[in-house]
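Take the sequence shown: its letters are residues -19 to -1, 1 to 519, numbered as in mature numbering (1 follows the signal peptide of the UniProt record, and there is no 0). Right, one structure below, let's go through it.
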Amino acid sequence: MPEYFWLISTFIFISFVQATERDKQVAIRGISIGGWLVTEPYITPSIYEKANSLLNGDNDKFTIIDEYTLCEKLSYNESYRLLKTHWDTWITEDDFQQISADGFNLVRLPIGYWGWKDNVNKTKNNYFNKYTFEDPYIGNGIQLQYLDQAIQWSKKYGLNVWIDLHGVPGSQNGFDNSGQRNLYGPLNWLKNHTSSEDITIAIWEDLMDKYLGMDHIVGIELVNEPLNGRINIDDIERVYKKGYKMYNQKRKNNNSTKLILHDAFEGVGYWNDKYNDSNIVIDHHHYEVFSDWQLNNTQWNRLFDISDYSKSIFENENFNGSNSIIGEWSAAITDCCHWLNGVNIGARYDRTYYNETANGRCDNFDLQLSKQEYRDKVREYIEMQLMTYETYTMGWIFWNWKTETDVSMEWDYKRLKDQGLFPSPLDNYTYFVKNNQANNIVESDGRGDNVTDQYAIVSDLYASISSEQFPSTTMKKSNMTRTSMGETNTHDDKNNAATTGGESSSHRSNTSKNDSIVNQHRSVLSMIAMALFSLLGG
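This is the structure in structure tokens:
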């Protein structure tokens, strides 16, 4: 085990004390069902390989790059058959049963606006029988049937549901995960296209009319990842206000379903004075691979970035993070996943995208996976996120449940678990404190049993500080209600990186709101830390 883990472990349990005055709710431990009702090339590349083969034969020409071009370039019947097979087979009831069995308590269900399209005759581009928006998508309410089926399965297996409008007319970010990739041209959502706004708001109304107050529907997200800079922030704020007004009108006295607002990649605290409401949850997405400087981070810096980022939400947002969530994160420490940045786009990590200096190779995944150093880094990175997100926010939702290929493993919970890289159970930490008990997996450090004993000291000290102030995060399925989705509100993220296929975003921070308990314990804990450093060989 690397030397720096003794420092990190000590730092982390000391930092936990700062969160003890917050009324910690049952943590959300969620999983996203991405790549199903909104296809993404890196999650299911076979769809795009088949589509391009239908279009171009056996050559290597890939002109279908997203769901928009898939439906645009293939015939209606070809597109329908390809997508229908995917919808029927990629996610089934067995997935929801396994998600529940693995200890998750929430599923996030992304869906695109085209699910509401009235293309009964396969040619019209009508929505709600009154709005027109030109697009080629397959719709006709088909995806809504799968959404309802997923909601039923979730209820059957004791899972809460978060519905996520993942793509809107004209694209909110230009990423392929919005349905239409457009990395450099103007985006049409909210920009001189009144129907794009009308359709979006009509979808919100339909979602609220159907699902507000349903027993296990704990959140409705207005739109996934609207990207400030591509979409004017004033327009995002304006349309958010419309959604918020509608939500308040429709929910009446029902507090069971929260309104989810993505932070639009604004900085920590940006939304504090705009939505000081316990029924609003601010959704932060955090990745560490979508810029050169992140890819150049050491493991030490990567782990401390996560800790600092999580802690900044607790310290700088309303209600100390109790209504903020890390709604997307992954195990990725490279951007080597095939088509992660888009079809026909390479990786920053190996210089096949645009960066000037390659960090390493992307063509030797099997070799990397066999190296203990790589495995340690991934496991450490996952554990740091699980632990800090649960401590400083209302919880987390991992992206993604599964993918098709081994090379996308860093985005694939099922493969990570099978490789022993994702804790199972979800709090079965190897490198950090586990359930207030020492974990003895430290022999690889070479210090022998004495090191195990020393690590127990760290764990026992943490337990003595926190045992009465941190309730257990284990729960029974029958009690998985919206306890984590309510009570208090918090807002935005200092998101270091944009999302799947995106670029890094700006930082913003506010002044600290540390509670009195922090000052009471800080000096004592600092002395404890120094003593531990000395004990552990500094």
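Quick reminder that beta carbons are idealized off the backbone N, C-alpha and C, glycines included. Predicted model, so just to flag it, every value in this text is computed and none were measured.
Going by C-alpha positions, D157 is about 12 Å away from G15. N260 counts as buried, since no fewer than 16 other beta carbons sit within 10 angstroms of its beta carbon.
Under the rule that a run must span 4 or more residues, the alpha helix (DSSP H) segments found entirely inside the stretch 323 to 371 read 346 to 351.
Unbroken alpha helix (DSSP H) stretches of 4 residues or longer found wholly inside the stretch 170 to 253: 175 to 192 and 214 to 232, given in chain order. Annotation: T384 to N173 spans about 37 Å, alpha carbon to alpha carbon. Residue K398 holds the alpha-carbon nearest to the alpha-carbon of P406 among G120, K398 and R332. Where F77 is concerned, the enclosing alpha helix (DSSP H) starts and stops at E74 to A82. Leaving aside the five residues that flank D145 on each side, the residues in its chain whose CB is nearer than 6 Å to its CB run, in chain order, R89, P91, E202 and N205.
Taking a contact to require three or more Cβ pairs closer than 8 Å, the stretch 161 to 168 and the stretch 229 to 236 do not qualify as touching. Of the candidates K111, W97, L193 and T113, the residue whose Cα lies closest to the Cα of N234 is L193. For E53, the enclosing alpha helix (DSSP H) starts and ends at E48 to K54. Inclusion of T113 and N121 in the CB contact set at 8 Å is not warranted, their separation being larger than that value. A direct Cα-Cα distance of roughly 26 Å separates Q130 from S152.
With fewer than 16 other Cβ atoms from the protein chains shown falling within 10 Å of its own Cβ, D347 counts as exposed. Counting along the chain, W143 sits inside the beta strand (DSSP E) bounded by residues N141 to G148. About 14 Å separates the Cβ atoms of I263 and W377, ruling out a contact at the 8 Å cut-off. According to DSSP, residue pairing for I294 in a beta bridge does not occur. Contact annotation: the stretch 360 to 379 touches the stretch 279 to 298, with at least three C-beta pairs closer than 8 Å.
In this structure N213 is exposed. Its beta-carbon is surrounded by fewer than 16 other beta-carbon atoms within 10 angstroms. A buried status is given to G302, since no fewer than 16 other beta-carbon atoms sit within 10 Å of its beta-carbon. A check of alpha carbon separations from V7 across G323, G84 and S272 identifies G84 as the nearest. Contact between the stretch 17 to 32 and the stretch 50 to 66 is present: 3 or more CB-CB pairs across the two stretches fall below 8 Å.
It is roughly 30 Å from the alpha-carbon of S351 to the alpha-carbon of Y290. Per DSSP, S405 lies in no beta strand (DSSP E) and is assigned neither H nor E. Judged by DSSP in its simplified three-state form, L87 adopts strand.
About 5 Å separates the beta carbon of P207 from that of A245, a gap short enough to meet the 8 Å contact definition.
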